[in-house]
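Trainee: Taking the working numbering, I'd label the letters of the sequence shown as residues 19 to 332. Note that beta-carbon positions come from the ideal geometry of N, C-alpha and C, so glycine has one too. All values reported here derive from a predicted model rather than from experimental measurement.
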Amino acid sequence: MLRARLLLAAAAAAVLVALLPGTAQGATGPVTPTPAAPGPRTPDSVARAWRAEAPATVVVGRSVRGRLIVATRQGRADAPYVLLVLGQMHGSEPRGRAVVAAVRGLAPPAQVQVWTISTMNPDGAAAGSRTNARGVDLNRNFPRPGGAPPSRLPFTGSGTPGAATYRGPHPLSEPETAALDRFLAARRFVASANLHSFMGTVIPARVTDRPSYATYKRLCRTFAAAQPRRRYRRLANRLFDAFTGEQEDHQHHAYGTWAVCVEVFPVLASFRQHLCAPSVFWRFNPRDPTPWIDNDLPGLAAYFAAALELADRR
Ligand SMILES: [Zn+2]
């Protein structure tokens, strides 16, 4: 319990330091290595320590058009607690990428490694389209837990090519989702957040057992309580919900990760902006992301700190 408190305090302290003006590192700058443990410092051990502590970059895979999907690690490679922030899945929703850039300016506490992926849909990002280059909605292309049949509810995915939520010929049919799945399978993520816009909501993985449902409720409340500007509502229902091939459902049920989808940029703010200059793109993305990043980072940090505390109790 004491260890859990220490970890939580460390996470909170790191977040506070990062949020103070002028103390965060540059958005893409490296994390400063912390002093290595005492002991003989041969050139080899120094090199090893540096490799373990420096930011790492791995190629997760390639898109349909061959663009790289890249993940970056902050914190030590041997840190036992592993987190993931995925900035963009829908190419028409780039706002989460700015959040990832801000997260990369934070120093994770000891024992924690944070992986970030700016976009897993670089083709969609280049084209400004929701789907990948083959017209597949990547957030309907993950395996449905337990092999659940496709839902018929609106927006839960379509079997018709050309539809905005086309789920593709079969789960993981796309190189982008297949690559991310390999990446998820290779690491033991404690918690993850995948970012979208716009709804101003936090959507936890769909779970039907009461303890997990209650835990997600708590995690989402923790997220919202830390937000200074606009608190995001939780969007979940234990009974009236469906598996739709979304990333958070797959990551929770296949890999035991606390996983949420965060829809940044609340509807009301989006509506106001849309009234000033109607455009589909600006309906989804704030013209000035800064105040919204300042609203999202504390929520994410609090959510992760609470999830880390849960992990420490296991
Ligand atoms: Zn989206």
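Taking 5 Å as the limit, tell me which residues put their C-beta closer than that to any heavy atom of ligand 3, in chain order.
Mentor: Of the ligands this structure carries, namely ligand 1, none is ligand 3.
Trainee: May I have the straight-line CA-CA distance separating Ala181 from Thr174, to the nearest angstrom?
Mentor: Using only the alpha carbons, I get a separation of about 12 Å.
Trainee: Can you find a CB in chain C that lies within less than 8 Å of the CB of Leu213?
Mentor: Annotation note: the requested chain C is absent from the structure, which comprises a single protein chain.
Trainee: Hey, is the segment 105-114 in contact with the segment 160-175, meaning 3+ C-beta pairs nearer than 8 Å?
Mentor: no
Trainee: State yes or no: is the C-beta of Val154 within less than 8 Å of the C-beta of Ala329?
Mentor: no
Trainee: Which residues does DSSP pair with His188 in a beta bridge?
Mentor: Looking at the DSSP output, His188 bridges to nothing.
Trainee: What did DSSP end up calling Val76 once you bin it into helix, strand or coil?
Mentor: strand
Trainee: Please confirm if the segment 217-235 is in contact with the segment 116-134, defined as three or more CB-CB distances below 8 Å between the two stretches.
Mentor: no
Trainee: Run through the segment 153-239 for me and flag every whole beta strand (DSSP E) of 3 or more residues, listed as ranges in chain order.
Mentor: 207-215 and 219-222
Trainee: How many Å lie between Val260 and Arg224 at the Cα?
Mentor: In the sequence on display, residue 260 carries Ala and not Val. Roughly 8 Å between the two C-alpha positions.
Trainee: Using the Cα positions of Gly218 and Phe283, report the straight-line distance between them to the nearest angstrom.
Mentor: 5 Å
Trainee: Can you confirm whether the segment 308-325 touches the segment 255-273 when touching is taken to mean that 3 or more C-beta pairs between the two stretches lie within less than 8 Å?
Mentor: No: the two stretches stay apart, fewer than three of their Cβ pairs being nearer than 8 Å.
Trainee: Return yes when the Cβ of Gln245 is within less than 8 Å of the Cβ of Asn303, no when it is not.
Mentor: no
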